[in-house]
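Quick note on our numbering: the sequence shown kicks off at 46 and runs consecutively. Each residue gets a CB set at the ideal place from its N, CA and C atoms; glycine is no exception. To start, the structure itself, in structure tokens.
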Amino acid sequence: MDRILSVGAAQLGPVSIGDSRADVVARMIALLGEARSFGCRLVVFPELALTTFFPRLYITDEREIDSFFETEMPGPETKVLFEAAADSGIGFYLGYAELCPDRGRSRRFNTAILVDGGGRIVGKYRKVHLPGNPEYVPGRPVQEMEKRYFEVGDRGFPVWRAWNAVVGMCLCNDRRWPEVYRVMGLQGVEMILVGYNTKLIDRDGAEPGHYPMFHHRLVLQAGAYQNATFVVAAAKAGNEDGIPLLAGSCIVAPSGEIVAQSQTEGDELIPARVNPDDCALGKRTVFDFAAHRRTEAYGLICSRAGAIAPPDGS
Ligand code: CDV
Numbered sequence: 046m047d048r049i050l051s052v053g054a055a056q057l058g059p060v061s062i063g064d065s066r067a068d069v070v071a072r073m074i075a076l077l078g079e080a081r082s083f084g085c086r087l088v089v090f091p092e093l094a095l096t097t098f099f100p101r102l103y104i105t106d107e108r109e110i111d112s113f114f115e116t117e118m119p120g121p122e123t124k125v126l127f128e129a130a131a132d133s134g135i136g137f138y139l140g141y142a143e144l145c146p147d148r149g150r151s152r153r154f155n156t157a158i159l160v161d162g163g164g165r166i167v168g169k170y171r172k173v174h175l176p177g178n179p180e181y182v183p184g185r186p187v188q189e190m191e192k193r194y195f196e197v198g199d200r201g202f203p204v205w206r207a208w209n210a211v212v213g214m215c216l217c218n219d220r221r222w223p224e225v226y227r228v229m230g231l232q233g234v235e236m237i238l239v240g241y242n243t244k245l246i247d248r249d250g251a252e253p254g255h256y257p258m259f260h261h262r263l264v265l266q267a268g269a270y271q272n273a274t275f276v277v278a279a280a281k282a283g284n285e286d287g288i289p290l291l292a293g294s295c296i297v298a299p300s301g302e303i304v305a306q307s308q309t310e311g312d313e314l315i316p317a318r319v320n321p322d323d324c325a326l327g328k329r330t331v332f333d334f335a336a337h338r339r340t341e342a343y344g345l346i347c348s349r350a351g352a353i354a355p356p357d358g359s
């Protein structure tokens, strides 16, 4: 059976605080039109795609916070996106802020969904690695307050069978953590989808300017290679309300090589033809996990979070 599939990373340029959901959804539908002309059957949109990246803002009013969240998916403003995608038989990954009622209280998550070519939600992932602090930190050039606005995701890293492949999801900062790829790798993942908002201003002002792109590619390429999987990564890019965001949307092969990448910092579709069968080489050789992994040596990975160096003189 031929499993070759055209996929697209749908990079979005900046979304300003004043942009409406309808404005953003219209841009996303235009990208779907491009995806259709390339024959794509799956498109990956960024993290928190529908709004500005609000975790950089210090908001205290609960109603204002809630205005960045979706209470239903699809909702009144996103229904047209689902319809446009289904009309073209294109499935998609969409990152958004999820407000969900749970036993009398509201819970907030940084979420991504997987929607099939018929417009049905087939998977949901909630971000596990939330960067930054719960409170405003004076003196920082830019704030990172995802811990203020979101709970830690409660669903782990599942994978789904879709598009004749094994598909997994994660969100932005998750891509920097090798455990994320490996947990999906241990479920036979063949395509990891990831949306991101990566600012180019280091919160402590200490990083050389070339680090964000270098580290972005480093982790995606290493994660793909070490788990013999494709990775499709879509940015929200450009100058968003004065904060520059990394572009660099790309598609990485199981070899670790980048096969397609964005050329701009604006709305752009990055298409590529991928063959999930290409994952087999790595999975049956160097990264044949069943043959070569040594779980008896990895205990600390799950029992210890922070690093503890041995005492002096040991
Ligand atoms: N949205 C993110 O998760 N951003 C992080 C930053 C804050 C380090 C990232 O990994 O790009």
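Exercise. In whole angstroms, what is the alpha-carbon distance linking Asp-323 and Glu-341?
Worked result: 30 Å
Exercise. Gln-266 lies in the alpha helix (DSSP H); which residues open and close that run?
Worked result: 256–272
Problem set entry | C-beta contact flag for Ala-292 and Ala-282 at 8 Å | yes
Problem set entry | Selected residue, minimal CA-CA separation from Val-197, among Ala-142, Val-182 and Thr-330 | Ala-142
Problem set entry | Helix, strand or coil at Pro-100 [DSSP, three-state] | helix
Exercise. Among residues of its own chain, excluding the 5 on either side of Lys-328, which ones have a beta-carbon nearer than 7 Å to its beta-carbon?
Worked result: Ala-273
Exercise. Assuming Met-190 contacts Asn-178 under a Cβ cut-off of 8 Å, what Cβ separation, rounded to an integer in Å, is found between them?
Worked result: 6 Å
Problem set entry | Range covered by the beta strand (DSSP E) that runs through Gly-240 | 236–241
Exercise. Around the C-beta of Val-182, are 16 or more other C-beta atoms found within 10 angstroms, so that it is buried, or is it exposed?
Worked result: exposed
Exercise. Exposed or buried, which one is Val-228 when buried takes at least 16 other CB atoms within 10 Å?
Worked result: buried
Problem set entry | Expected contact under 8 Å - CB spacing of Glu-277 and Val-89 to nearest Å | For clarity, residue 277 is Val in the given sequence; the question names Glu instead. 5 Å between Cβ atoms; contact.
For this session: Give me the Cα-Cα distance between Arg-150 and Asp-106, rounded to the nearest whole angstrom.
Result: 17 Å
Exercise. Should Phe-259 be labelled buried (16 or more other beta-carbon atoms within 10 Å of its own) or exposed?
Worked result: exposed
Problem set entry | Candidates Tyr-270, Asp-199, Arg-220 and Asn-155, of which the one nearest Lys-192 by Cα | Asn-155
For this session: Write down every uninterrupted run of the beta strand (DSSP E) in the stretch 67–137 whose length is 3 residues or greater and which is fully enclosed by it, in chain order.
Result: 87–89
For this session: May I have all residues whose beta carbon comes closer than 5 Å to any heavy atom of the ligand CDV, sorted in chain order?
Result: Pro-176, Glu-189, Cys-217, Asn-218, Asn-242 and Thr-243
For this session: Excluding the 5 residues preceding and the 5 following Val-125 in the sequence, name in chain order all residues of the same chain whose CB lies nearer than 8 Å to its CB.
Result: Val-70 and Ile-74
Problem set entry | Beta-ladder partner(s) of Met-190, from DSSP | Gly-177
Exercise. Just the Cα atoms here: how many angstroms apart are Leu-77 and Ala-130?
Worked result: 7 Å
Exercise. So, helix, strand or coil for Thr-330, using DSSP?
Worked result: coil
For this session: Report yes or no: do the stretch 260–267 and the stretch 216–233 share at least 3 C-beta pairs separated by less than 8 Å?
Result: yes
Problem set entry | N-terminal and C-terminal residue of the alpha helix (DSSP H) that Val-225 is part of | 223–230
For this session: Starting from the C-beta of Ile-135, find all residues in its chain whose C-beta is less than 8 Å away, skip the five residues before and the five after it, and write them out in chain order.
Result: Leu-77, Ala-80, Arg-81, Cys-85, Arg-86, Leu-87, Val-88 and Gly-162
For this session: Identify, in the order they occur along the chain, each residue of the same chain with its Cβ nearer than 7 Å to the Cβ of Arg-33, setting aside the five sequence neighbours on each side.
Result: The structure shown has nothing for residue 33, since the chain only spans 46 to 359.
For this session: Report the residue from Thr-243, Val-204 and Cys-295 whose alpha carbon sits nearest the alpha carbon of Cys-425.
Result: This structure cannot speak to residue 425, because the chain is shown only from 46 to 359.
Problem set entry | Reference Gly-140, options Ala-352, Arg-338 and Ala-280, closest by Cα | Ala-280
For this session: Apply the 10 Å Cβ neighbour rule to Arg-48 and answer buried if 16 or more other Cβ atoms are within range, or exposed otherwise.
Result: exposed
Problem set entry | Expected contact under 8 Å - CB spacing of Pro-100 and Tyr-194 to nearest Å | 5 Å
Exercise. Counting only runs that start and end within the stretch 276–330, where is the alpha helix (DSSP H) found for 4 or more residues in a row?
Worked result: 325–329
Exercise. Which one or two residues does DSSP pair with Ser-359 in a beta bridge?
Worked result: According to DSSP, which records beta bridges pairwise, Ser-359 is partnered with nothing at all.
For this session: Helix, strand or coil for Leu-245, going by three-state DSSP, please let me know.
Result: coil
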